[in-house]
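When you line the sequence shown up against the working numbering, it's residues 22 to 286, in that order.
Just so you know, even glycine gets a beta-carbon here, dropped at the ideal spot from N, CA and C.
All figures in this text were calculated on a predicted structure; none of them were measured in a lab.
Comments concern the structure below.
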Amino acid sequence: MGDSRVAEIAEKAKAWTLEAGARLALSHQEKLNVEYKTSAADIVTQKDKEIEQFFVENIKTTYPGHYVLGEEGLSDVLPTDTQNGVVWIIDPIDGTTNFVHQNLNYAISVAVYIDGDPTIGYIYDPIKKELFSAIKNQGAFLNDQPLSTLTSCRVEEAVICFNHLWLVPNEKVDYEKMHHLVNDVRGVRYLGSAALEMAYVACGRLDSSLDFRLSPWDIAAGIVILNEVGAEMTTLENQAINVFTKSSTIFSRPGIHQYILEYLS
(Lines of atoms letter the chains of each structure in order from A and count residues from 1; the text may use other names and numbers.)
(Lines give C-alpha, C1' and ligand atoms only; values in the text may rest on other atoms or scores of the structure.)
Protein backbone atom coordinates (compact mmCIF):
# COMPACT_ATOMS: atom_id res chain seq x y z
CA MET A 1 0.00 0.00 0.00
CA GLY A 2 1.39 3.39 -1.00
CA ASP A 3 2.37 6.14 1.42
CA SER A 4 -0.42 8.44 0.23
CA ARG A 5 -3.02 5.75 0.89
CA VAL A 6 -1.61 5.11 4.37
CA ALA A 7 -1.64 8.86 5.07
CA GLU A 8 -5.28 9.09 4.02
CA ILE A 9 -6.31 6.21 6.29
CA ALA A 10 -4.32 7.77 9.15
CA GLU A 11 -6.12 11.09 8.76
CA LYS A 12 -9.50 9.36 8.85
CA ALA A 13 -8.47 7.36 11.92
CA LYS A 14 -7.28 10.52 13.66
CA ALA A 15 -10.46 12.45 12.92
CA TRP A 16 -12.70 9.61 14.13
CA THR A 17 -10.61 9.12 17.26
CA LEU A 18 -10.85 12.79 18.21
CA GLU A 19 -14.58 12.86 17.53
CA ALA A 20 -15.10 9.73 19.63
CA GLY A 21 -13.06 11.30 22.42
CA ALA A 22 -15.22 14.42 22.39
CA ARG A 23 -18.31 12.24 22.70
CA LEU A 24 -16.84 10.40 25.68
CA ALA A 25 -15.83 13.60 27.46
CA LEU A 26 -19.39 14.88 27.17
CA SER A 27 -20.85 11.58 28.34
CA HIS A 28 -19.77 12.17 31.94
CA GLN A 29 -22.88 14.31 32.27
CA GLU A 30 -25.04 11.25 31.57
CA LYS A 31 -26.11 8.34 33.75
CA LEU A 32 -24.12 5.25 32.77
CA ASN A 33 -25.56 1.79 32.33
CA VAL A 34 -22.88 -0.58 33.68
CA GLU A 35 -22.96 -4.30 32.90
CA TYR A 36 -20.72 -7.15 34.04
CA LYS A 37 -18.84 -9.34 31.57
CA THR A 38 -17.01 -12.12 33.43
CA SER A 39 -16.87 -10.61 36.92
CA ALA A 40 -17.57 -7.48 38.94
CA ALA A 41 -14.11 -6.23 37.91
CA ASP A 42 -14.78 -6.83 34.19
CA ILE A 43 -17.37 -4.26 33.18
CA VAL A 44 -18.76 -2.64 30.07
CA THR A 45 -20.95 0.43 29.58
CA GLN A 46 -23.28 1.50 26.81
CA LYS A 47 -20.59 4.03 25.85
CA ASP A 48 -18.08 1.24 25.11
CA LYS A 49 -20.61 -0.18 22.67
CA GLU A 50 -21.66 3.18 21.22
CA ILE A 51 -18.07 4.25 20.52
CA GLU A 52 -17.12 0.94 18.94
CA GLN A 53 -20.26 1.05 16.78
CA PHE A 54 -19.29 4.59 15.72
CA PHE A 55 -15.95 3.29 14.43
CA VAL A 56 -17.46 0.19 12.83
CA GLU A 57 -20.01 2.21 10.88
CA ASN A 58 -17.45 4.76 9.68
CA ILE A 59 -14.96 2.10 8.64
CA LYS A 60 -17.54 -0.05 6.84
CA THR A 61 -18.91 2.98 4.97
CA THR A 62 -15.55 4.48 4.02
CA TYR A 63 -13.48 1.32 3.58
CA PRO A 64 -15.85 -1.60 2.85
CA GLY A 65 -12.88 -3.89 2.13
CA HIS A 66 -11.28 -3.38 5.53
CA TYR A 67 -11.73 -5.59 8.59
CA VAL A 68 -12.47 -4.59 12.18
CA LEU A 69 -11.38 -6.29 15.39
CA GLY A 70 -12.94 -4.57 18.42
CA GLU A 71 -13.15 -5.41 22.09
CA GLU A 72 -16.95 -5.48 22.13
CA GLY A 73 -17.18 -7.64 18.99
CA LEU A 74 -19.72 -5.44 17.20
CA SER A 75 -18.30 -5.78 13.68
CA ASP A 76 -19.51 -8.31 11.16
CA VAL A 77 -16.43 -7.80 8.98
CA LEU A 78 -14.00 -9.77 11.13
CA PRO A 79 -10.61 -10.79 9.72
CA THR A 80 -10.19 -14.47 8.90
CA ASP A 81 -6.51 -14.01 8.07
CA THR A 82 -4.83 -11.24 10.05
CA GLN A 83 -1.74 -11.38 7.83
CA ASN A 84 -3.62 -10.24 4.74
CA GLY A 85 -5.62 -7.09 4.19
CA VAL A 86 -6.25 -4.02 6.32
CA VAL A 87 -7.34 -4.69 9.92
CA TRP A 88 -8.52 -1.99 12.31
CA ILE A 89 -8.01 -2.95 15.97
CA ILE A 90 -10.12 -0.86 18.33
CA ASP A 91 -10.60 -0.48 22.05
CA PRO A 92 -13.41 2.06 22.44
CA ILE A 93 -12.62 2.68 26.12
CA ASP A 94 -9.42 1.22 27.46
CA GLY A 95 -9.80 1.61 31.22
CA THR A 96 -13.57 1.27 31.55
CA THR A 97 -13.34 0.95 35.34
CA ASN A 98 -11.52 4.30 35.47
CA PHE A 99 -14.11 5.77 33.10
CA VAL A 100 -16.90 4.71 35.47
CA HIS A 101 -15.25 5.51 38.81
CA GLN A 102 -12.84 8.37 38.11
CA ASN A 103 -13.93 10.11 34.89
CA LEU A 104 -10.25 10.07 33.90
CA ASN A 105 -7.30 7.76 33.16
CA TYR A 106 -8.93 6.04 30.20
CA ALA A 107 -8.22 6.17 26.49
CA ILE A 108 -9.44 5.30 23.03
CA SER A 109 -7.01 3.00 21.24
CA VAL A 110 -7.11 2.67 17.45
CA ALA A 111 -4.62 0.80 15.31
CA VAL A 112 -4.42 -0.16 11.66
CA TYR A 113 -2.40 -3.20 10.67
CA ILE A 114 -1.72 -3.79 6.97
CA ASP A 115 -0.93 -7.37 6.00
CA GLY A 116 -0.10 -8.04 9.64
CA ASP A 117 2.29 -5.08 9.87
CA PRO A 118 1.73 -2.49 12.66
CA THR A 119 1.28 0.64 10.55
CA ILE A 120 -0.92 3.28 12.24
CA GLY A 121 -1.56 3.85 15.93
CA TYR A 122 -3.56 6.38 17.97
CA ILE A 123 -4.07 6.50 21.73
CA TYR A 124 -6.25 9.39 22.87
CA ASP A 125 -6.90 10.59 26.41
CA PRO A 126 -10.04 12.73 26.00
CA ILE A 127 -9.83 14.29 29.46
CA LYS A 128 -6.22 15.49 29.21
CA LYS A 129 -6.72 15.99 25.45
CA GLU A 130 -3.50 14.10 24.77
CA LEU A 131 -3.22 12.32 21.44
CA PHE A 132 -0.32 9.88 21.07
CA SER A 133 0.18 8.87 17.46
CA ALA A 134 2.50 7.14 15.04
CA ILE A 135 2.73 6.01 11.45
CA LYS A 136 5.35 3.38 10.72
CA ASN A 137 8.79 4.89 9.94
CA GLN A 138 7.51 8.45 10.45
CA GLY A 139 8.14 8.89 14.17
CA ALA A 140 5.84 9.12 17.16
CA PHE A 141 4.07 12.22 18.44
CA LEU A 142 2.19 13.66 21.39
CA ASN A 143 -0.25 16.32 20.17
CA ASP A 144 1.85 16.74 17.01
CA GLN A 145 5.07 17.25 19.00
CA PRO A 146 7.72 14.63 18.15
CA LEU A 147 8.63 12.12 20.83
CA SER A 148 12.35 11.49 21.29
CA THR A 149 14.00 8.12 20.92
CA LEU A 150 14.09 6.48 24.33
CA THR A 151 17.38 6.34 26.19
CA SER A 152 18.49 3.69 28.65
CA CYS A 153 18.17 3.76 32.42
CA ARG A 154 19.12 1.53 35.33
CA VAL A 155 16.69 -0.56 37.37
CA GLU A 156 17.20 1.58 40.46
CA GLU A 157 16.22 4.67 38.42
CA ALA A 158 13.12 3.09 36.92
CA VAL A 159 9.44 3.73 37.55
CA ILE A 160 7.54 0.66 36.41
CA CYS A 161 3.88 -0.18 36.04
CA PHE A 162 1.94 -3.34 36.82
CA ASN A 163 -1.19 -4.61 38.56
CA HIS A 164 -1.04 -5.12 42.33
CA LEU A 165 -2.41 -8.66 41.89
CA TRP A 166 1.02 -9.84 40.78
CA LEU A 167 2.33 -9.17 44.31
CA VAL A 168 0.15 -11.89 45.85
CA PRO A 169 0.00 -15.63 45.04
CA ASN A 170 -1.26 -16.04 41.48
CA GLU A 171 -1.09 -18.36 38.46
CA LYS A 172 0.80 -15.97 36.19
CA VAL A 173 4.10 -15.09 37.86
CA ASP A 174 6.20 -15.85 40.94
CA TYR A 175 5.02 -13.11 43.28
CA GLU A 176 8.12 -13.37 45.49
CA LYS A 177 10.29 -12.43 42.52
CA MET A 178 8.02 -9.45 41.96
CA HIS A 179 8.73 -8.40 45.55
CA HIS A 180 12.46 -8.29 44.74
CA LEU A 181 11.78 -6.19 41.67
CA VAL A 182 9.63 -3.75 43.66
CA ASN A 183 12.36 -3.40 46.26
CA ASP A 184 14.96 -2.48 43.66
CA VAL A 185 13.14 0.00 41.40
CA ARG A 186 12.59 3.67 42.16
CA GLY A 187 8.80 3.39 42.11
CA VAL A 188 5.73 1.43 41.03
CA ARG A 189 2.58 2.84 39.47
CA TYR A 190 -0.62 1.41 38.00
CA LEU A 191 -2.90 3.41 35.71
CA GLY A 192 -5.52 0.79 34.88
CA SER A 193 -5.33 1.48 31.14
CA ALA A 194 -2.83 -0.61 29.22
CA ALA A 195 -2.95 1.73 26.24
CA LEU A 196 -2.11 4.77 28.37
CA GLU A 197 0.62 2.86 30.17
CA MET A 198 2.26 2.05 26.82
CA ALA A 199 1.88 5.66 25.72
CA TYR A 200 3.52 6.79 28.96
CA VAL A 201 6.47 4.48 28.32
CA ALA A 202 6.74 6.01 24.86
CA CYS A 203 6.96 9.57 26.21
CA GLY A 204 9.14 8.72 29.23
CA ARG A 205 6.60 9.09 32.04
CA LEU A 206 7.07 5.38 32.78
CA ASP A 207 10.12 3.22 32.16
CA SER A 208 8.41 -0.15 31.85
CA SER A 209 4.90 -1.58 31.78
CA LEU A 210 4.16 -5.23 32.56
CA ASP A 211 0.93 -7.13 32.04
CA PHE A 212 0.06 -10.77 31.84
CA ARG A 213 -3.35 -10.93 30.19
CA LEU A 214 -3.63 -8.39 27.39
CA SER A 215 -5.70 -8.71 24.21
CA PRO A 216 -5.04 -7.31 20.70
CA TRP A 217 -7.10 -4.15 21.22
CA ASP A 218 -5.18 -3.35 24.43
CA ILE A 219 -1.76 -3.21 22.79
CA ALA A 220 -2.08 -2.83 19.01
CA ALA A 221 -1.83 0.97 18.85
CA GLY A 222 0.81 1.11 21.55
CA ILE A 223 3.06 -1.25 19.64
CA VAL A 224 3.02 1.08 16.61
CA ILE A 225 3.95 4.05 18.80
CA LEU A 226 6.60 2.23 20.84
CA ASN A 227 8.28 0.90 17.70
CA GLU A 228 8.91 4.49 16.62
CA VAL A 229 10.75 5.47 19.83
CA GLY A 230 13.00 2.41 20.10
CA ALA A 231 11.24 0.65 22.99
CA GLU A 232 11.92 -2.99 23.75
CA MET A 233 8.97 -5.35 23.93
CA THR A 234 8.61 -9.09 24.48
CA THR A 235 6.43 -11.63 26.21
CA LEU A 236 7.25 -12.73 29.74
CA GLU A 237 9.03 -15.69 28.13
CA ASN A 238 11.21 -13.28 26.12
CA GLN A 239 9.49 -14.14 22.85
CA ALA A 240 8.29 -11.77 20.14
CA ILE A 241 4.79 -10.45 20.79
CA ASN A 242 2.03 -11.61 18.44
CA VAL A 243 -0.50 -8.82 18.71
CA PHE A 244 -3.34 -11.08 17.61
CA THR A 245 -2.77 -13.55 20.46
CA LYS A 246 -3.53 -12.82 24.12
CA SER A 247 -0.25 -13.03 26.02
CA SER A 248 1.97 -11.63 28.73
CA THR A 249 3.76 -8.45 27.69
CA ILE A 250 6.63 -6.28 28.86
CA PHE A 251 7.23 -2.89 27.26
CA SER A 252 10.34 -0.97 28.36
CA ARG A 253 12.81 1.73 27.54
CA PRO A 254 16.20 0.28 26.55
CA GLY A 255 18.60 -0.83 29.25
CA ILE A 256 16.21 -2.31 31.79
CA HIS A 257 14.12 -4.72 29.76
CA GLN A 258 16.52 -7.63 30.06
CA TYR A 259 17.01 -7.00 33.78
CA ILE A 260 13.28 -7.14 34.40
CA LEU A 261 13.07 -10.42 32.50
CA GLU A 262 15.85 -11.80 34.70
CA TYR A 263 13.87 -10.91 37.83
CA LEU A 264 10.89 -12.86 36.51
CA SER A 265 12.64 -15.83 34.94
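Which listed residue (the options) has its alpha carbon closest to that of residue i
i: Ile114; options: Glu40, Ile129, Val107 and Glu178; result: Ile129
i: Ile111; options: Gln104, Asn105, Asn124 and Glu78; result: Glu78
i: Ala43; options: Ile80, Pro147, Gly94 and Glu92; result: Pro147
i: Leu168; options: His122, Phe76 and Ser154; result: Ser154
i: Val55; options: Ala216, Asn248, Phe120 and Gly251; result: Phe120
i: Val222; options: Leu202, Ile244, Arg207 and Ala261; result: Ile244
i: Met219; options: Leu163, Ala41, Tyr280 and Ser96; result: Leu163
i: Ser48; options: Asp195, Thr256, Asp69 and Ile141; result: Asp69
i: Ile64; options: Gly116, Ala36 and Gly94; result: Gly116
i: Glu151; options: Ala31, Cys224 and Glu197; result: Cys224
i: Gly160; options: Arg210, Val250 and Asn204; result: Val250
i: Leu2; options: Asp195, Thr266, Val194 and Ser286; result: The shown model of the chain, from 22 to 286, leaves out residue 2, and the question about it has no answer.
Beta bridge counterpart(s) of residue i as assigned by DSSP
i: Phe272; result: Ser230 and Met254
i: Gly208; result: Val180
i: Ile135; result: Val107 and Asp138
i: Asn129; result: Looking at the sequence provided, one finds Ile at residue 129 rather than Asn. DSSP lists Tyr145 as partners of Ile129.
i: Leu235; result: Ser268
With 16 other Cβ atoms within 10 Å as the buried cut-off, status of residue i
i: Thr170; result: exposed
i: Asp165; result: exposed
i: Lys149; result: exposed
i: Glu258; result: exposed
i: Leu99; result: exposed
i: Ser96; result: buried
i: Thr82; result: exposed
i: His122; result: exposed
Delimiting residues of the beta strand (DSSP E) encompassing residue i
i: Asp115; result: Val107 to Asp115
i: Gly91; result: Tyr88 to Gly91
Terminal residues of the alpha helix (DSSP H) in which residue i lies
i: Glu40; result: Asp24 to Leu47
i: Val222; result: Ala215 to Cys224
i: Gln279; result: His278 to Leu285
Suppose only complete runs of 4+ residues qualify. What are the alpha helix (DSSP H) ranges in the region 143-189, listed by chain order?
none
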